[in-house]
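Using numbering that gives the first Met the number 0, read the sequence shown as starting at 0 and increasing by one per residue.
Every residue gets a Cβ at the ideal spot worked out from N, C-alpha and C, and that includes glycine.
Single-structure report; data block below.
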Amino acid sequence: MNATETPLFDAVVRIDRLPATGRDLTVSLDEPTRAALAEMLKLSAVDSFSATLTVVPLRGGIRAQGQLVADIVQPSVVTFEPVGQHVEEVVDRVFLPEAHAHKPTPGSEVFVDLEDEDFPDHIDGPEVDLSALLIETLALAIDPYPRLPGESLDSLGIDVAGAPAGPFAALEKLKKSTDIDR
């Protein structure tokens with residue numbers, strides 16, 4: 000999200016005003032915001048969206064932990080009928096300011112452990128917008144190939160195990176027919 004873009008909903012936490020014990024953040028979206036979210040994620044509908052987070056200070060940044068619960072509707076990849084999905088995802092993300100004092104010198108090696116589960120996000124400034132985190136969490140939880148129960152290509156009468164189809168199958172037929180003529 001660019002700095003010029005306005006967030007879809009308000010979930011901003013100011014690090015400099017965060018109590019040492021942290022604070023709770025509850026997000027529940029209204030109908031127009033859910034419709035905008037559905038359009039953003041290319042869904043048919045977002046029927047419900049709520050998140051509860053506990054945000055605590057951590058090493059000059061924050062740690063956001065909680066849960067996202069949503070009900071979404073998207074078209075089936077087989078019949079395009081609406082398919083509902085209930086999403087419950089755990090949220091646990093660390094946001095830290097970028098370490099300006101430890102800039103690597105040109106030509107030096109930098110070790111980054113990409114397998115680390117707690118790879119922190121970098122922040123600039125005194126506030127963190129958690130709306131992008133919640134939208135990302137929902138987007139990653141969406142089933143990329145939704146289908147109704149019992150739905151398959153076989154139920155549509157499409158023969159997927161039959162003869163090969165496509166341009167290379169047509170070329171193969173041409174090759175076999177010219178081999179016979181020789």
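(Q) Considering Cα atoms alone, identify which of Q73, T53, I71, S75 is closest to G65. (A) Closest in C-alpha terms to G65, from the list Q73, T53, I71, S75, comes T53.
Discussion item. Which residue wins for smallest C-alpha separation from D9, given the options L173, L132, P148, L170?
Written reply: D9 has its Cα closest to that of L132, out of L173, L132, P148, L170.
### CA-to-CA distance, R146 to L170, given in whole angstroms
Their backbone Cα atoms lie some 34 Å apart in a straight line.
Paired residues, beta bridge with S27 - DSSP
According to DSSP, which records beta bridges pairwise, S27 is partnered with S49.
Q. What's the call for T136, buried or exposed, on a 16-neighbour Cβ count within 10 Å?
A. Its Cβ being crowded by 16 or more others within 10 Å, T136 is buried.
Would V12 pass as a contact of I71 if the rule is Cβ separation under 9 Å? No.
Item to check | DSSP-derived helix/strand/coil call for D15 | outcome: The answer is helix: DSSP assigns D15 an H, G or I state.
ask   = Relative to the C-alpha of T78, which residue among G149, I134, G165 is closest?
value = A check of alpha carbon separations from T78 across G149, I134, G165 identifies G149 as the nearest.
- Should S130 go down as buried or exposed, given a rule of 16 or more other Cβ atoms within 10 Å for buried? Burial call: buried.
Note to self: Short of 6 Å in beta carbon distance, which residues of its chain neighbour E87, apart from the five on each side in sequence? Order them along the chain.
What the structure shows: In its chain, beyond the 5 residues on either side, V68 have a beta carbon closer than 6 Å to the beta carbon of E87.
- request: Report the rounded CA-to-CA distance for A168 versus P119, giving the unit in angstroms.
  value: Approximately 49 Å between the Cα atoms of the pair.
Looking only at its chain, what residues have a beta carbon closer than 6 Å to the beta carbon of S27, apart from the 5 residues adjacent to it on each side? Excluding positions up to five away in sequence, the list reads S49.
Exercise. Since L83 sits in a beta bridge, which residues does DSSP pair it with?
Worked result: Residue 83 is actually Gly in this sequence, not Leu. Residue pairing by DSSP places G83 opposite V72 in a beta bridge.
Separation of P105 from H85, as counted between CA atoms:
Linking H85 to P105 through their CA atoms gives a straight-line distance of about 49 Å.
Identity of the residue in L95, V90, A44, P166 nearest G124 by Cα
Closest by C-alpha distance to G124, out of L95, V90, A44, P166, is L95.
Original post:
If we count the other Cβ atoms within 10 Å of its Cβ and call it buried at 16 or more, is A19 buried or exposed?
Top reply: Taking a 10 Å sphere around the C-beta of A19, we find fewer than 16 other C-beta atoms and assign the residue as exposed.
Whose CA, out of P56, P74, V89, T5, lies closest to the CA of G21? Closest option to G21, Cα to Cα, is P56.
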